[in-house]
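Protein chains: 2
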Amino acid sequence: MARNAKAEKATAETLATKQREISIAEFFTKNRHLLGFDSPRRALLTTVKEGVDNSLDACEEAGILPDVKVEIHPIDGSDDRFRVVIEDNGPGIVPKQIPNIFAKLLYGSKFHRLKMSRGQQGIGISAAGMYGQLTTGRPICITSRPSPAKPAHYCELVLDTQKNTPRILVEQQVDWNSHTGTRVVIDLEAKYQRGRQSVEEYLLQTSIANPHVQISYLPPDSPQVIFPRICQEMPPDPREIKPHPYGIELGTLLKMASSTKARNLKGFLHEEFSRVSDRVAAEICEKAGLSPTMRPSHIDREAAEKILKAVKLVKINNPPTDCVCPIGEALVEASIRKMLGAEFYTAVTRSPSVYRGNPFLVEAGLAWGGKELDADKPARVVRLANRVPLLHQQGACVITKAITATSWKGYGLQQPAGSLPVGPVLILVHVASVWVPFTSESKEAIAHYPEIVKEIRLALQECGRRLGLHLRRKKRVAEEDRKRSYIEKYIPHIGIALKEILTLSDSQEEKVVATLTDMLERSRKG
Amino acid sequence: MARNAKAEKATAETLATKQREISIAEFFTKNRHLLGFDSPRRALLTTVKEGVDNSLDACEEAGILPDVKVEIHPIDGSDDRFRVVIEDNGPGIVPKQIPNIFAKLLYGSKFHRLKMSRGQQGIGISAAGMYGQLTTGRPICITSRPSPAKPAHYCELVLDTQKNTPRILVEQQVDWNSHTGTRVVIDLEAKYQRGRQSVEEYLLQTSIANPHVQISYLPPDSPQVIFPRICQEMPPDPREIKPHPYGIELGTLLKMASSTKARNLKGFLHEEFSRVSDRVAAEICEKAGLSPTMRPSHIDREAAEKILKAVKLVKINNPPTDCVCPIGEALVEASIRKMLGAEFYTAVTRSPSVYRGNPFLVEAGLAWGGKELDADKPARVVRLANRVPLLHQQGACVITKAITATSWKGYGLQQPAGSLPVGPVLILVHVASVWVPFTSESKEAIAHYPEIVKEIRLALQECGRRLGLHLRRKKRVAEEDRKRSYIEKYIPHIGIALKEILTLSDSQEEKVVATLTDMLERSRKG
């Protein structure tokens, strides 16, 4: 065995002295790009996004039509430090929860459930606060009022990254003119810039995908803008569901069995899973060769394997469709229309499907033509996940993959091998799910699950077919126009020639021309 | 304020009851695609990769030329469950560290230091074990022997996902015929498949990027393969460094100041940072208007801001170059030669640079032509990070971005807008750093830091220029050949014509032809 002679080489013992636990906050401080803080410009967008997503979720859960205020102020006139303010009219937060929600990573209400919502990880807003603290040394400041009957609560928090715990610097009751709601203030190093991946674009797309939301926005360099509420109705409240037996894994099954309150196997299957009726539960027990009265705590690895095999043999309905709420074909199409003036629009909403036991649903919209879309450039892509616009990491996203994997040539668009189609086209795709599998904690791209690719492609193909029809019709009309102009151009000459040869009168000539025009017109249409 | 009348709507109080802490293991169980376990096929590759990367790091730290054994066995003849075995001749692991290293996420020796290594997060191998446990219910099994003087230690571990702690099922001393080393066995649900993103391809590329490594591989369906050691010398051991003052952030500076053992500001700057001499430290203190004898614990936000501003005004040398070790131009070129038969090869190693205070270095290699590279397809890309091949998420990687952002038309390749160049070309890029910023915990793509994009582009442009020279020379030679064949073709006819007109003898004709050929040949070269 060749060994390097140097004295300082490591051994198992010297290596052991260096082994240490890593706090999740330390991990994300070093890996901040995983959370969307890799550049000052993106940091600004991510901070606004985390705040607004939380506000919209809270308002919708409380059944309140959201009014969200976003402000970006330069700090001391600087162009690399900003104060971001996000304020909502939501249900507010009870004081004792505020520190954990805003200054502890991996803490929240949305992780341990299956319900369609914007937030899901319990990381975002604390990460934004942590980034602010890292770059400016300043705390995150929260004002919240859960009830008009009580005064508002104000506190300033920092996150102890070594322990991933909140530290309260200031805590007091304050006057606030809102009935209920929450206001978050974060100071951070950032860069303000307009354009494709800007706060403006995010708020615009948010307003388009959420017509029930009113957003007022004060940029650092110009007057307030309002993105008005278009629709006075709340979207349907998506239902929380239990996991579906298809796609459940052995380890998860064992863990669920050990923590269930059900008394027997049949009850466990019926109560803890989606779409498992008494009859289906009995059938699973039978196919697994296990007693329906078996205690769930007695389920060991072998029993769990038998159950999983049996599940595959039993026909179980797809998860209920009301757990994922689409924007809807009409509103998707209306959204694109609002976004730009094109020549052709279409939209498709698929019915829900399942990946790894999680219901999800895909919608697609397409616009073609018009002056705002560039004929020589790759398609413009709008990606939405649970109504949240995704502005970064387009290349990593399953939506991009599905678009490039679709063959657009058959629908009348050019497409270089392995690339987006080229032409004056905008493609919008919305993926809604009780658990969107993002490629990173910054939630800017959706991971490549084959079931999701398939559903997106089906939606795109339907849009593509409709576009193809439109383009073929357009081509036919153009062809007809060409023929018509041809006829119109030559018939008078024939008239003149015949007049000369046959010495016709002017009226006779006119009649010949009219007859010929009529005849050819009819033959062209035939 | 519009409120939905439904009774079950959430309030701050009902929302508060649902708020909970989320364990990092629960988080990654649900988000397993972040760790590279989104499909059974990728799960197999990720498991092998995490094991092999750990083995190579351990061997190199101990100065041992690595001998790594990889085996994949079908479990009970099944084609969706495999046993993965990874065994090395490294320094072994002391028994009491084994449970935390293999069954606790975010635990390791490589996170809290700045040193170039394959592993860095303290997640990988525990995640592979956790995935095995989730899909097969079976523990991860470790045998390790830190010293030939002692028997080997064996244990079986599971990870308690709710607490992120290891649970030991079996622990005992065993006989083992290795002097020192570690053997890891993981049973998991997986899919075995050859091709571009396979275990074979990963091991092949690993062997190419690490010529000092010997790998023996037993696939599930065929006999053992050996990837032999080419080079008997260990690569240089990269030096561990301190953070560089450029790129340090306020929060980090405050944290370092609060935990330093230095007695005063000047000593703190000198001891805790890279490239800060006594003189430079004194200059920073002076420019910051702070006393060099100030206690580090007295550094508050204002003082920290002053220090950071001062740092920007002081010229500080780049980090030492021996903390990032390139493969080297000669070996990169040799690696590509070994990989495929092409017509033209080149390689470039850049000198180290810095992003966010972290030194890094870029190497690029390029091959053109030959039968193995397809002339009509996009370039084949080989991506390496700290000598580890990256096989997934090409679209998300800064390397791909830098390649597409480089204009290859000037170097003689076709390139559709915003795409990879098209042609018979292979492009290899290696990014080496004390901290590679990956886009996700699965470490398959590098994040888009502008400094890294820039260095990759510079390396690619140099390769491109050399390719361009080659292709232009090739074109010139082809042009000459064309002219030569032209001359060769027509001169004899002129000879025959002259012979007929002037009634020359055969020898006269030959002489005329020779003279003309010589003359034209000289004029062509002139």
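Chains as they are written, first to last, in numbering that gives the first Met the number 0: chain L, 0 to 525; chain X, 0 to 525. Backbone N, C-alpha and C fix where the C-beta goes; we use that ideal spot for every residue, glycine too.
Whole-angstrom distance between residue j and residue i, CA atom to CA atom
i        : j        : result
X/GLN392 : X/ALA444 : 6 Å
L/ASN53  : L/ALA446 : 22 Å
X/ILE141 : X/LEU459 : 43 Å
L/LYS149 : L/PRO90  : 13 Å
X/ARG386 : L/ARG80  : 38 Å
X/SER350 : X/THR320 : 8 Å
X/GLY369 : X/SER334 : 16 Å
L/SER439 : X/ARG472 : 46 Å
L/ALA151 : X/ALA15  : 16 Å
X/GLU188 : X/ARG40  : 9 Å
X/GLU362 : X/ARG382 : 10 Å
X/GLY128 : L/TYR448 : 22 Å
L/LEU249 : L/SER290 : 19 Å
L/LEU156 : L/ALA102 : 7 Å
X/MET0   : L/ILE63  : Summary for X/MET0: the model assigns pLDDT 39, below 50, so the residue's position carries little reliability; its value from the coordinates is reported in the next sentence. Their Cα atoms are separated by approximately 7 Å.
X/VAL224 : X/GLY394 : 31 Å
X/THR405 : L/ARG19  : 42 Å
X/ILE500 : X/GLU509 : 15 Å
N-terminal and C-terminal residue of the beta strand (DSSP E) that residue i is part of
i        : result
L/ALA431 : 424-432
X/ASP375 : Careful: X/ASP375 lies outside any beta strand (DSSP E) and carries neither H nor E.
L/PHE110 : From DSSP, L/PHE110 is part of no beta strand (DSSP E); its letter is neither H nor E.
X/PHE343 : 343-348
X/HIS243 : Where X/HIS243 is concerned, there is no enclosing beta strand (DSSP E), given that its DSSP letter is neither H nor E.
X/ALA366 : 357-367
L/ASP56  : From DSSP, L/ASP56 is part of no beta strand (DSSP E) but of the alpha helix (DSSP H) over 39-60.
L/GLY394 : That residue, L/GLY394, is in no beta strand (DSSP E); it is neither H nor E in DSSP.
X/LEU389 : 387-389
Residue-level contact to chain X via CB, residue i, 9 Å cutoff
i        : result
L/THR259 : no
L/ILE21  : yes
L/LYS5   : Because the pLDDT of L/LYS5 is 45, which lies under 50, any placement of that residue in the model is unreliable, and the number read from its coordinates should be weighed accordingly. Output row for L/LYS5: interface = yes.
L/VAL93  : yes
L/GLU454 : no
L/SER146 : yes
L/GLN172 : no
L/ASN385 : no
L/ARG300 : yes
L/TRP367 : no
L/ALA126 : no
L/SER206 : no
L/ILE100 : yes
Own chain partners of residue i with C-beta closer than 6 Å, once the 5 adjacent residues on each side are dropped
i       : result
L/GLU86 : LYS68, ARG182
Residue-chain proximity (residue i, chain L), Cβ-Cβ < 9 Å
i        : result
X/LYS103 : yes
X/THR160 : yes
X/TYR485 : no
X/TYR106 : yes
X/THR134 : yes
Residues near residue i by beta carbon distance below 7 Å, same chain, minus five either side
i        : result
X/ARG539 : Any question about residue 539 of chain X goes unanswered here, given that chain X covers just 0 to 525.
X/ARG112 : GLU239
L/VAL313 : VAL279, GLU282, ILE283, LYS286
L/VAL51  : VAL67, VAL69, ILE85, THR205
L/GLN413 : PRO420, VAL421, GLY422
L/ASP373 : PRO423
First through last residue of the alpha helix (DSSP H) which encompasses residue i
i        : result
L/HIS72  : Element bounds for L/HIS72: not the alpha helix (DSSP H) but the beta strand (DSSP E), 66-73.
L/LEU217 : Taken as a continuous stretch (DSSP letters only), L/LEU217 belongs to no alpha helix (DSSP H), being part of the beta strand (DSSP E) at 213-217.
X/VAL310 : 300-312
Integer-rounded CB distance, given that residue j should sit under 8 Å from residue i
i        : j        : result
L/LEU217 : L/GLU70  : 4 Å
L/VAL323 : L/ALA431 : 5 Å
X/LEU33  : X/SER441 : 6 Å
8 Å CB neighbourhood of residue i in its chain, flanking five on each side removed
i        : result
X/VAL452 : VAL397, LYS400, ALA401, ALA404
X/LEU105 : ILE23, GLN120, GLY121, ILE122, ASN163
According to a CB-to-CB cut-off of less than 8 Å, which residues of the stretch 435-465 of chain L neighbour chain C? Of the protein chains in this structure, namely L and X, none is chain C.
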